[in-house]
Amino acid sequence: MTEKDFLPNPYQEFPDKGGVSWKAPSNIALVKYWGKKPVQIPANPSISFTLDNCATTTSLSFAKKEKSDSISFDLMFEGRPKDDFKPKIQTFLERVERYVPFLKAYHFTIETSNSFPHSSGIASSASGMAALSLCLMDVEKQLDPDLDETLFYQKASYLARLGSGSACRSIKGHLVQWGQHANIPNSSDLYGLEYPFEVHADFKGYCDTILLVHKGQKQVSSTVGHQLMHGHPYAANRFQQAFDHLDQLKPILKNGDLEDFIKLVESEALTLHAMMMTSMPCFMLMKPDTLEIIQKIWQYREETKTPVCFTLDAGANVHLLYPSSEKDKVCAFIEDELAQHCENGQYIHDYVGAGAVKING
Ligand code: PMV
Numbered sequence: 000m001t002e003k004d005f006l007p008n009p010y011q012e013f014p015d016k017g018g019v020s021w022k023a024p025s026n027i028a029l030v031k032y033w034g035k036k037p038v039q040i041p042a043n044p045s046i047s048f049t050l051d052n053c054a055t056t057t058s059l060s061f062a063k064k065e066k067s068d069s070i071s072f073d074l075m076f077e078g079r080p081k082d083d084f085k086p087k088i089q090t091f092l093e094r095v096e097r098y099v100p101f102l103k104a105y106h107f108t109i110e111t112s113n114s115f116p117h118s119s120g121i122a123s124s125a126s127g128m129a130a131l132s133l134c135l136m137d138v139e140k141q142l143d144p145d146l147d148e149t150l151f152y153q154k155a156s157y158l159a160r161l162g163s164g165s166a167c168r169s170i171k172g173h174l175v176q177w178g179q180h181a182n183i184p185n186s187s188d189l190y191g192l193e194y195p196f197e198v199h200a201d202f203k204g205y206c207d208t209i210l211l212v213h214k215g216q217k218q219v220s221s222t223v224g225h226q227l228m229h230g231h232p233y234a235a236n237r238f239q240q241a242f243d244h245l246d247q248l249k250p251i252l253k254n255g256d257l258e259d260f261i262k263l264v265e266s267e268a269l270t271l272h273a274m275m276m277t278s279m280p281c282f283m284l285m286k287p288d289t290l291e292i293i294q295k296i297w298q299y300r301e302e303t304k305t306p307v308c309f310t311l312d313a314g315a316n317v318h319l320l321y322p323s324s325e326k327d328k329v330c331a332f333i334e335d336e337l338a339q340h341c342e343n344g345q346y347i348h349d350y351v352g353a354g355a356v357k358i359n360g
């Protein structure tokens with residue numbers, strides 16, 4: 000598939016008005032995307048677990064306009080107008096207009112809400128851009144009823160990528176790979192792909208408890224973060240490592256080899272942070288409580304042999320990953336040892352999910 004394949008067929012119908020709703024989940028990367036080329040092309044391939052509970056629900060209503068010379072929309076977040084989100088959405092809509100040229104024909108009302116608590120430090124850009132992209136594709140499906148289902152989801156992922164890179168991995172479940180890789184057939188820099196190889200049953204219901212160490216604004220936006228990889232002294236090695244990690248993951252995911260899974264996933268998390276600590280300017284996004292939690296996970300794993308590990312986003316929160324069979328034990332460990340390091344003792348239980356769903360209203 001090339002960019003041209005995402006240009007639409009001539010539209011057959013133009014309803015006067017309508018509305019669609021989609022719910023899209025967040026995702027957590029096992030092999031991280033960090034560094035990109037214009038426009039939203041990843042410097043290295045990545046792979047993530049699609050989550051379930053942490054999700055954004057977006058409703059998009061549309062009404063035909065008299066003059067179709069510009070993009071116009073109103074934005075509501077959790078029931079209230081949210082003008083400070085508008086520039087990001089405006090940029091996104093301008094970027095995708097070429098691929099969904101009905102945009103200028105309608106005035107849109109976008110109503111969006113997150114399942115996770117407000118300012119929990121969980122980035123909503125992946126789930127938010129994925130939900131909005133699916134809504135746009137749903138409108139396109141009304142204009143072109145012959146649109147094929149595979150293309151529908153591929154193009155939703157393609158559009159989501161143009162809003163926020165990792166959002167392209169929030170359309171489908173359970174494991175999604177993004178970025179061209181010689182040993183992964185059909186992998187693409189343009190959209191996410193449901194992981195095409197065999198995956199051990201243990202990974203299907205894998206748990207992710209998000210420990211909310213710091214709920215405020217991230218210290219480094221991902222836009223700035225990706226830029227730090229330009230001219231970074233270790234960038235070339237890091238990008239190669241991500242390619243290698245994807246190769247190494249293939250037998251690990253197939254055989255359910257948790258020991259090697261843990262090694263690889265934790266190395267990815269710490270490498271992401273090491274890249275930020277060694278860039279110019281440099282950043283330290285972990286907080287003292289992040290480190291306390293990591294130490295406690297290592298000690299607990301050593302003592303109990305429970306296959307629990309951590310990964311990190313570009314922030315201080317810790318994602319605790321473990322098989323669902325270990326849930327009771329790990330929940331007790333979280334309550335007894337880890338919750339005290341979370342802001343207001345807060346954490347969110349989530350697990351690997353099946354991807355975005357349409358909401359029938
Ligand atoms: O999608 P962005 O541009 O917000 O970048 C996300 C980058 C990480 O979350 C740190 C890693 C990843 O692959 O999701």
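The sequence shown begins at 0 in numbering that gives the first Met the number 0 and counts up one residue at a time. Note that CB positions come from ideal geometry on N, CA and C, so glycine has one too.
Item to check | Minimum C-alpha distance to P287 - residue among C341, L271, K326 and C330 | outcome: C341
Item to check | Any non-hydrogen atom of the ligand PMV closer than 7 Å to S221 Cβ | outcome: yes
Checklist entry - Counting Cβ pairs, one atom from each stretch, are 3 or more of them under 8 Å apart for the region 317-327 and the region 269-278? => result no
Next on the checklist: Does the region 192-201 come into contact with the region 51-63, if we say contact requires no fewer than three beta-carbon pairs (one atom in each stretch) closer than 8 Å?
Outcome noted: Short answer: they don't touch.
Next on the checklist: Within 10 Å of its beta-carbon, does F13 have 16 or more other beta-carbons around it, so buried, or fewer, so exposed?
Outcome noted: exposed
Checklist entry - Going by alpha carbons, who is nearest to I121 out of A159, F107 and T208? => result The shortest Cα separation from I121 among A159, F107 and T208 belongs to T208.
Checklist entry - Got a sec? Which residues, its chain only, sit under 8 Å from P250 by beta carbon, not counting five neighbours each side? => result D256
Checklist entry - Going by DSSP, what residues sit across from W297 in a beta bridge? => result Looking at the DSSP assignment, W297 forms no beta bridge with any residue, so it has no partner.
Checklist entry - Could you check where the alpha helix (DSSP H) with P86 kicks off and where it finishes? => result K85 to V95
Checklist entry - Using a threshold of 7 Å, is the CB atom of D327 nearer than that to any non-hydrogen atom of the ligand FMN? => result Only the ligand PMV can be found as ligands here, which leaves the ligand FMN out of the picture.
Item to check | Under 8 Å between C-beta atoms of H199 and N254 | outcome: yes
Checklist entry - When every heavy atom of the ligand PMV is checked, does at least one fall within less than 7 Å of the C-beta of G164? => result yes
Item to check | Among K203, S186 and Y157, the one whose alpha carbon lies nearest that of Y350 | outcome: Nearest C-alpha to Y350: K203.
Checklist entry - Can you tell me the Cα-Cα spacing of R79 and A125, whole angstroms? => result Distance between the alpha carbons of R79 and A125 is about 21 Å.
Checklist entry - Do you know offhand how far V307's Cα is from K3's? => result Taking the straight line from one Cα to the other gives about 44 Å.
Checklist entry - Does the distance from the C-beta atom of R336 to that of K295 stay below 8 Å? => result Here residue 336 turns out to be Glu, not Arg, going by the sequence shown. A contact, by the Cβ cut-off of 8 Å.
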